[in-house]
Structures are given as structure tokens and as C-alpha cells.
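When you line the sequence shown up against UniProt numbering, it's residues 1 to 71, in that order.
A virtual CB, placed ideally from N, CA and C, is assigned to each residue, including glycine.
Because the structure is a prediction, the values reported are computed rather than measured.
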Amino acid sequence: MNNYLGGKNQTVIPEAKKALNQFKYEIAREIGVQPPESGYWGNMTSRECGSVGGYMVKRMVEVYENSLIGK
């Protein structure tokens, strides 16, 4: 199965889009970034958005690694 998205910012599993969006807001609040109430992240700095995205990936890897060891 080829999941390459051709450089486009798309969700691989469309059904997960809502959960990922909620996760993004949860992470933003957790690391002290004020998420936009409008849902438009274009006015946020690259640093803020990068922090949120980076921490999301870190958390997802952590959850996956824990699943590998049975936690």
C-alpha cells in the first residue's frame, strides 16, 4: 500500500482528521501556545506551529513505542 501524499498536507486516514485536530489543540494548550479560536493557524508564527507539530509527533512516537512493549 502506497501512502505517499505527493507533498500535500493531507491526512492518510481521513476518518482521523477530527481526532488529529482535537489533538493539535490539546498539545498547543499543553505547551503554552494559545491556539486560534477561529481555527485558522495562518496568523501563528512558524515557531509556534512548529512547536505544536513537533510535540504532536513526539507524543505519537511515544504512544507507538509503548504499544510495542505492551504498555
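Residues of the same chain with a CB within less than 7 Å of the CB of P35, apart from the 5 flanking positions on each side, are Y25, A28, R29 in chain order. Judged by beta-carbon spacing, V33 lies within the 8 Å limit of S51, meaning their Cβ atoms are closer than that value. Spanning the alpha carbons of M44 and L68 requires a straight line of approximately 35 Å. Secondary structure of M56 (DSSP, three-state): helix. In this structure, the alpha-carbon of N21 lies about 14 Å from that of R59.
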